[in-house]
Amino acid sequence: MDEIKDSEHFQETLYTEIKSFFDSSPPLKDVDEINRKLEEFIERNYSSSENKTTRRVVCVTSGGTTVPLEQRCVRYIDNFSSGHRGAASTEYFLKAGYSVIFLYRRGTCQPYCRSLPDDPLLECFDITNESNIGVNPVHAEAVKKAISEHHSAVIKGNLLKLPFTTIFEYLQILQLIALSMRSLGSSAMFYLAAAVSDFYVPWETMTVHKIQSRSGPLDMRLAQVPKMLSVLRKDWAPMAFCISFKLETDTKILLEKADMALKKYKMHMVVANELLTRKEEVIVVSRSGKITVHRDKNQPGSDVESPLIKLVVDRHSEYIKDSGS
Ligand code: 9Z3
Numbered sequence: 490m491d492e493i494k495d496s497e498h499f500q501e502t503l504y505t506e507i508k509s510f511f512d513s514s515p516p517l518k519d520v521d522e523i524n525r526k527l528e529e530f531i532e533r534n535y536s537s538s539e540n541k542t543t544r545r546v547v548c549v550t551s552g553g554t555t556v557p558l559e560q561r562c563v564r565y566i567d568n569f570s571s572g573h574r575g576a577a578s579t580e581y582f583l584k585a586g587y588s589v590i591f592l593y594r595r596g597t598c599q600p601y602c603r604s605l606p607d608d609p610l611l612e613c614f615d616i617t618n619e620s621n622i623g624v625n626p627v628h629a630e631a632v633k634k635a636i637s638e639h640h641s642a643v644i645k646g647n648l649l650k651l652p653f654t655t656i657f658e659y660l661q662i663l664q665l666i667a668l669s670m671r672s673l674g675s676s677a678m679f680y681l682a683a684a685v686s687d688f689y690v691p692w693e694t695m696t697v698h699k700i701q702s703r704s705g706p707l708d709m710r711l712a713q714v715p716k717m718l719s720v721l722r723k724d725w726a727p728m729a730f731c732i733s734f735k736l737e738t739d740t741k742i743l744l745e746k747a748d749m750a751l752k753k754y755k756m757h758m759v760v761a762n763e764l765l766t767r768k769e770e771v772i773v774v775s776r777s778g779k780i781t782v783h784r785d786k787n788q789p790g791s792d793v794e795s796p797l798i799k800l801v802v803d804r805h806s807e808y809i810k811d812s813g814s
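Under the numbering used here, think of the first position of the sequence shown as 490, with each following residue one higher.
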């Protein structure tokens, strides 16, 4: 009885925190445009089904959210995420026949651009004469591949890219995406690889102007970002297959936390990774146990996302079959 009461109390507090987070967030500037793009994308994927089944759609989140310290933001808290995992996973999902909504941090790694140099504009192109620019032959193959694969996914309507910067933008757009994907039932998937801030400064308590250094050392109290995973599962898109990520720097804490996320937020899979080894291996935790997924070290240029997406797609197929759609 006490357990039920505790869980009801937890839910109630969470809903209050989430409401207050959204009510006090600065409104999204382009909400109508985002909703229009989402509606069009979902509609196309809903009706483009060749054999009368809804096409599978995955929302891949990628990169880190920022936490502004001033309303007219000069300074912000950020994290290390490069967006590589989200970009690579997007490519493998598209290859596996999924349509992808890529919710990414502005300026982070993009699908099909992983094999390009860091500054592609300056490094891939040369001025050939007064009025022409050409591709540097060293990068020609990579540039051709990136452009053709990217354009093909966008033109076919299989890739929708939506950018965010702050934690406020990220969570508001994630909610819009989830509500629009509801109609896809179990064909929808969330693959939440973005590194989401745990702490933030609520908008109404945030100073408007740049914090002045002459005021001396800075004391600042950060509030906890409410955990949206449980409302995503319970209310926003209850039929969707949900995969969250857990990152830690200590293996023991990592597995405990991954187990906890699986149970507490009712995730279908949790991908656990350690900061230093995240490009070599990840541990996938689900109700049927733990599986370690490695990059194929014998294959030059291989990555851990390739076997990871294979596993995720298989599990999603079983889920769709079990849910009878
Ligand atoms: C991850 O663990 C991602 O795999 C990485 C990918 C951020 C490590 P990169 O972008 O790295 O390729 O450089 N994401 C962490 C997701 C996250 O923040 N999870 C929250 C947490 O750990 C729970 S939702 O507390």
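Using N, Cα and C, we set each Cβ at its ideal position, and we do this for glycine too.
This structure is a prediction, so every number in the text was calculated from the model and none was measured.
- As DSSP reads the structure, Tyr680 sits in a beta bridge with Val549, Ile732.
- The secondary-structure analysis by DSSP pairs Arg594 across a beta bridge with Phe653.
- Under the three-state reduction of DSSP, Asp615 is assigned to strand.
- Nearest C-alpha to Pro796 among Ser588, Lys753, Glu580, Ala684: Glu580.
- One thing to note: Thr554 has its Cβ no nearer than 9 Å to the Cβ of Ile700.
- Beta-bridge partners assigned by DSSP to Pro557: Tyr565.
- Contact fails between the segment 735-754 and the segment 651-671, because fewer than three Cβ pairs, one in each stretch, are under 8 Å apart.
- Restricting attention to Pro600, Gly596, Met756, the CA atom closest to the CA of Lys723 is found in Met756.
- When DSSP states are grouped into helix, strand and coil, Asn625 belongs to the coil group.
- Residues Ala631 of the same chain have their beta carbon placed closer than 6 Å to that of Ser604, with the five preceding and five following residues left out of the count.
- Between ligand 1 and Glu580, a heavy atom-to-CB distance of less than 8 Å is absent.
- Judged by the Cβ position, His639 fails to qualify as a neighbour of ligand 1 at the 8 Å threshold, every heavy atom of the ligand being at least this far.
- Taking 3 residues as the shortest admissible run, the segment 779-806 contains no complete beta strand (DSSP E) segment at all.
- For Ala761, the uninterrupted beta strand (DSSP E) run begins and ends at 758-763, by DSSP.
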